[in-house]
Amino acid sequence: MIDKKDVEYAAGLAQLKLTESEKEKYTEQIGQILNYVDKLGELDTEGVVPTAYTVPMKNVLREDKVTESLPREKTLANAPDQKDGQFRTPKIMSD
Amino acid sequence: MSTKYETVIGLEVHVQLATKSKIFCGCSTEFGKAPNENTCPVCLGLPGTLPVLNKKAVDYAIMAGLALNCEIADYSKFDRKNYFYPDLPKAYQISQFDLPVAQNGKIKIETEAGKFEIGVTRVHLEEDAGKLIHEGSIDNSKGSLVDYNRTGVPLIEIVSEPDMRTPAQAKAYLTELKLIMEYLAISDCNMEEGSLRCDANISLRPIGQEEFGTKAELKNMNSFSAVEKGLTYEVKRQKDILESGGEVVQETRTWDEALGRTISMRGKEEAHDYRYFPEPDLVPLEISQEWKDQMQAQLPELPRAKYQRFVTDLGLPEYDAGVLTGDRELAEFFEAALKDYNDPKNLSNWMMGEFLRLLNENNQTPLDSGITAQNLAKMLTMIDQDVISGKIAKEVFEKMYTTGNDPEKIVEAEGLKQISDQSELEDIVAGVIADNPEAVEDVQNGKDRAIGYLVGQVMKETRGKANPGMVNQLLREKLKS
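One line per chain: the protein sequences are A and B, in this order. Numbering-wise, the first sequence is residues 1 to 95 according to the UniProt record's numbering. Numbering-wise, the second sequence is residues 1 to 481 according to the UniProt record's numbering.
Dropping the structure here:
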């Protein structure tokens with residue numbers, strides 16, 4: 001099982017601010033999901049090679065050829081703020 | 001007795017690969033374009049896009065792994081390294097976690113203290129992040145500007161074992177690594193432009209203790225000297241703390257070149273928990289024996305091997321071999337000239353003397369200069385065949401350097417041909433004898449050194465063009481009687 005601290009930690013890494021009631025709700029919900037996934041542990045995987053992939057594909061590669069980039073207006077079209085052809089962010093370091 | 005400490009250093013080196021296009025999209029990797037001109041939906045991390053791996057980047061990573069004596073993986077994959085920072089548009093970097101392209105290598109290095117072997121833990125592929133410009137310093141800026149041109153440029157990260165014991169060893173390791181990458185021609189290795197970057201883990205432990213001390217991670221060392229200076233500073237800082245009974249704090253520190261010290265970045269970064277997981281947008285990489293063999297066949301002769309061959313087969317002194325192989329262009333130039341001129345030591349003398357002097361004065365590399373290997377070989381042959389004197393050759397060499405002209409044409413056009421004509425020299429020698437009765441008397445009184453003075457006068461008269469051997473002989477004949 002997970003507890004509220006795990007949820008707070010994960011929320012912190014994801015930069016999410018949760019209310020107390022959200023923390024409780026997610027602790028329960030995520031706990032249920034993890035319990036469900038734990039069922040996989042009941043399977044006998046002796047001799048099965050671990051994999052991270054579900055499709056039987058490998059080595060999808062491209063040749064080292066330059067293709068056209070986006071026009072810069074398009075690249076910056078959705079930027080909330082921009083300056084001199086660059087994205088502009090708010091202050092990065094908190095005080 | 002106070003405790004004696006031993007330094008333990010490991011390096012993480014990022015090398016930008018010299019592919020034409022980025023690692024997962026076709027955007028150009030060209031340096032110096034206007035901000036955000038080399039971007040597309042893939043490297044900007046827009047929803048719905050899919051990365052496709054650049055084969056050349058894998059080729060280069062395999063070559064690097066082979067050159068560093070690594071085992072190349074049969075099966076490799078990519079993983080997401082998750083963190084938030086504005087230079088990372090996807091909020092994750094595609095990197096490799098548990099199955100890098102290459103592992104378990106080693107290289108040999110040499111310092112004044114001797115020869116050492118440094119282990120290479122792994123070589124893995126990843127994408128570079130963008131470039132941030134803060135408005136003011138990072139602490140007090142109101143905002144930052146982001147250029148994503150560099151985002152997605154292929155990198156290899158080369159992680160060493162904690163095998164280095166001194167800053168000098170760290171510098172030697174980095175130098176050797178850079179040289180190997182240059183010989184492989186897989187990166188331009190320009191530290192100032194950031195195509196070669198070095199971070200260090202450094203800690204101290206009492207001599208004899210097995211367990212490592214608490215380490216600091218040192219960043220922002222942008223030159224070879226900065227690496228050595230930053231590490232030397234850090235050794236002293238940690239030693240002072242330990243000797244006064246304190247404890248070293250595990251943290252990231254940045255080298256401040258202007259202040260000449262390292263500064264804590266504590267509190268300026270989040271706890272490291274990158275939550276690596278397999279990149280679901282890419283399929284795994286299987287590297288067949290055939291692929292490995294192909295890359296092996298493409299490896300050039302590496303610097304150590306070339307050095308050994310120059311010493312053993314060409315009979316060059318170790319110093320010469322070190323200088324010549326310490327720069328790929330210089331080594332290639334030397335070997336090209338050697339094809340037309342088979343006196344390695346004489347060729348080496350000219351390259352390490354006149355050539356390096358001019359290259360350093362003009363801040364150029366061999367390929368920038370007007371001299372070709374063929375022309376240098378031709379000029380040295382002209383000296384050996386008494387067409388020009390060694391002294392005049394220096395003048396010819398400078399002209400070759402600046403104009404790129406053929407030495408024969410320079411000698412012809414400037415009338416620099418050595419005077420070896422017996423009767424012409426006899427006249428000049430007679431004149432010099434007549435003009436220098438004192439020196440002549442000295443010679444006749446057995447002061448052999450005065451001959452040198454007279455030879456010098458003849459050389460002066462002929463602006464260095466007289467054949468010195470013949471002049472010497474003529475003078476001796478004339479003054480004997």
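No residue lacks a Cβ here, since even glycine has one placed at the ideal position from N, Cα and C.
| Item | Value |
| --- | --- |
| Residue range of the beta strand (DSSP E) that includes Q86 (chain A) | 86–90 |
| Where S28 (chain B) falls: helix, strand or coil (DSSP) | strand |
| Euclidean distance between Cα positions of D95 (chain A) and E135 (chain B) | Residue confidence is low: D95 (chain A) scores 46 on pLDDT, short of 50, so the model does not pin down where it sits. No coordinate-derived value is stated. |
| is_contact[G47 (chain A), chain B] using C-beta, thresh 8 Å | no |
| Per-residue DSSP class, three states only, for F277 (chain B) | strand |
| N82 (chain B) - partner residues in DSSP beta bridges | B:Y92 |
| Span of the beta strand (DSSP E) around S264 (chain B) | 261–264 |
| Terminal residues of the beta strand (DSSP E) in which R122 (chain B) lies | 114–127 |
| Alpha-carbon to alpha-carbon, K178 (chain B) and D74 (chain B) | 26 Å |
| L454 (chain B) - DSSP class collapsed to helix/strand/coil | helix |
| Integer-rounded CB distance, given that Q418 (chain B) should sit under 8 Å from I392 (chain B) | 7 Å |
| Nearest-angstrom Cα separation, counted from P278 (chain B) out to T252 (chain B) | 27 Å |
| D95 (chain A) (DSSP reduced to helix, strand or coil) | Its pLDDT being 46, under 50, D95 (chain A) is placed unreliably in this model, and the coordinates cannot settle the point. |
| Beta-carbon spacing of V458 (chain B), I428 (chain B) below 8 Å | yes |
| Rounded distance between the beta-carbons of I202 (chain B) and A216 (chain B), thought under 8 Å | 6 Å |
| N-terminal and C-terminal residue of the beta strand (DSSP E) that D147 (chain B) is part of | 143–147 |
| Beta carbon proximity, Y26 (chain A) to chain B, threshold 8 Å | no |
| At least three beta-carbon pairs within less than 8 Å, the segment 57–76 of chain B to the segment 123–131 of chain B | yes |
| K90 (chain B): contacting residues in chain A (beta-carbon distance under 7 Å) | Correct list: empty, because the minimum Cβ distance to chain A is about 14 Å. |
| Status (buried if at least 16 other CB within 10 Å, exposed otherwise) for A170 (chain B) | buried |
| Residues near V311 (chain B) in its chain [Cβ-Cβ closer than 7 Å; skip 5 each side] | E318, A321 |
| Backbone CA spacing between A61 (chain B) and T166 (chain B) [nearest angstrom] | 28 Å |
| When B:Q473, B:K447, B:R328 are compared against I186 (chain B), the one with the closest alpha-carbon | B:R328 |
| Assumed close pair Y453 (chain B), A439 (chain B) - CB separation to whole angstroms, cut-off 8 Å | 5 Å |
| Own chain partners of P284 (chain B) with C-beta closer than 6 Å, once the 5 adjacent residues on each side are dropped | K77 |
| The segment 3–11 of chain B contacting the segment 84–92 of chain A, beta-carbon criterion three pairs below 8 Å | no |
| Chain-ordered residues of the segment 216–235 of chain B with a beta carbon less than 7 Å from chain A | none |
| Rounded straight-line distance, which links the Cα of E12 (chain B) to that of N360 (chain B) | 30 Å |
| Closest Cα partner of Q29 (chain A) within the set A:D64, A:L61, A:V7 | A:V7 |
| Which of helix, strand or coil DSSP assigns to A466 (chain B) | strand |
| CB contact below 8 Å: N35 (chain A) versus chain B | no |
| Under the three-state DSSP convention, the category Q82 (chain A) falls into | strand |
| T19 (chain B): contacting residues in chain A (beta-carbon distance under 8 Å) | D64 |
| Cα-Cα separation between S21 (chain B) and E68 (chain A), rounded to whole angstroms | 10 Å |
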